[in-house]
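S.K.: Sharing a structure below in structure tokens format, with a few things to ask.
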Amino acid sequence: MNKDIKSEVYNALANIMFETGASKEDMDKAINWFNEKFYVDANEEEE
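Structure representation (structure tokens):
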């Protein structure tokens, strides 16, 4: 997956979390989900 796309999705996720007043715990969960979906899956595809 294109790194620019990952960056855009990460930034959008961060903006949503800030706009909704999410807690740090919610943000951590969202970032963990993002990393699992976009980085783990991408690594599996490369193998």
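Take the sequence shown: its position 44, counting from 1, is numbered 53 in our numbering, and each next residue is one higher.
C-beta atoms are modelled at their ideal positions from N, C-alpha and C, and glycine is treated no differently.
#1: Considering Cα atoms alone, identify which of L22, Y48, K46, E45 is closest to M36.
#2: Could you tell me the distance, in whole angstroms, from the CA atom of K38 to the CA atom of A31?
#3: By Cβ distance below 8 Å, which residues in the same chain neighbour F43 in space, the five residues on each side in sequence not counted?
#4: Between which two residues does the alpha helix (DSSP H) holding K46 run?
M.R.: By the coordinates alone:
#1: Taking the sequence shown and counting its residues from 1, one reaches residue 36 at position 27. Out of L22, Y48, K46, E45, L22 has the C-alpha closest to the C-alpha of M36.
#2: As a first step, residue 38 is located in the sequence shown; it is residue number 29 there, counting from the start. As a first step, residue 31 is located in the sequence shown; it is residue number 22 there, counting from the start. Roughly 11 Å separates the two Cα atoms.
#3: Position 34 of the sequence shown, counting from 1, holds the residue named residue 43. Once the five neighbours on either side are set aside, the close Cβ partners of F43 are V18, Y19, L22.
#4: Position 37 of the sequence shown, counting from 1, holds the residue named residue 46. That residue, K46, is in no alpha helix (DSSP H); it is neither H nor E in DSSP.
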